[in-house]
Structure formats: C-alpha cells, structure tokens
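Trainee:
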Amino acid sequence: MIVNLESAVIGMQLDIQEAIIRQVNRLLVFLVFRHWFWFFDGLFVQKYSESQNKMVDFASNFFFNQPAKSTIFNQQKNG
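Reading the sequence shown from the start, the letters are residues 54 to 132 in the numbering used here.
(1) Which value, in whole angstroms, describes the spacing of the CA atoms of ARG75 and SER60?
(2) If we ignore side chains and look at the alpha-carbon of each, how far apart do HIS88 and GLN66 end up?
(3) Using a Cβ-Cβ cut-off of 8 Å (strictly less than) and excluding sequence neighbours within five positions of VAL82, which residues of its own chain qualify?
(4) May I have the straight-line CA-CA distance separating PHE86 from LEU58, to the nearest angstrom?
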C-alpha cells in the first residue's frame with residue numbers, strides 16, 4: 054500500500070513537471086515567433102510598421118505610463 058502510494062506521488066510529480074515544461078516551451082515558442090514577426094514586419098512592411106509603432110506607443114503609454122524606449126519601429130523611423 055505504501056509503495057503504491059509513493060509511486061502514485063512520484064507519478065503525479067512527473068506529470069506536474071511535464072506540464073510545466075510544456076508550458077515553458079509554449080511561452081518560448083511564442084516569444085521567439087513574436088520577435089521574428091516584428092523583425093520581418095519592420096523589414097518588409099513599412100506602412101504596417103508605422104501603424105504597429107502607434108500601437109506599441111499607445112500600449113507602453115497606457116500600461117507603463119512612459120514612451121516606448123527602443124523598439125525596432127522607433128529605430129526604423131528615426132534612422
């Protein structure tokens with residue numbers, strides 16, 4: 054009985070670890086995809102980048118109450 058309980062607890066711990074690893078992997082894939090999407094968007098689609106830049110400025114003003122520091126859109130617009 055005790056052995057079965059211990060193995061059940063170990064199995065639950067492994068399931069929890071696998072779930073955490075899966076969520077971290079999803080987050081990393083999302084962040085990498087977002088970074089590359091912004092990069093290629095800044096390279097190839099100028100008009101959309103300008104509207105995206107306005108959205109980034111609005112979001113940073115709204116959430117952080119400060120202008121966006123150095124996004125690829127601001128760098129592209131300035132130079």
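Glycine included, every Cβ here is placed at the ideal spot set by N, Cα and C.
Mentor: Let me spell this out:
(1) Numbered from its first residue, the sequence shown carries residue 75 at position 22. Numbered from its first residue, the sequence shown carries residue 60 at position 7. Cα-Cα distance, rounded: 22 Å.
(2) Counted from its first residue, the sequence shown places residue 88 at position 35. Counted from its first residue, the sequence shown places residue 66 at position 13. HIS88 and GLN66: Cα-Cα distance of roughly 33 Å.
(3) Sequence index remark: in the sequence shown, residue 82 carries index 29 (1-based). Excluding positions up to five away in sequence, the list is empty.
(4) Here residue 86 is taken as the residue at index 33 of the sequence shown, counted from 1. Here residue 58 is taken as the residue at index 5 of the sequence shown, counted from 1. If you take the alpha carbons of PHE86 and LEU58, they lie about 42 Å apart.
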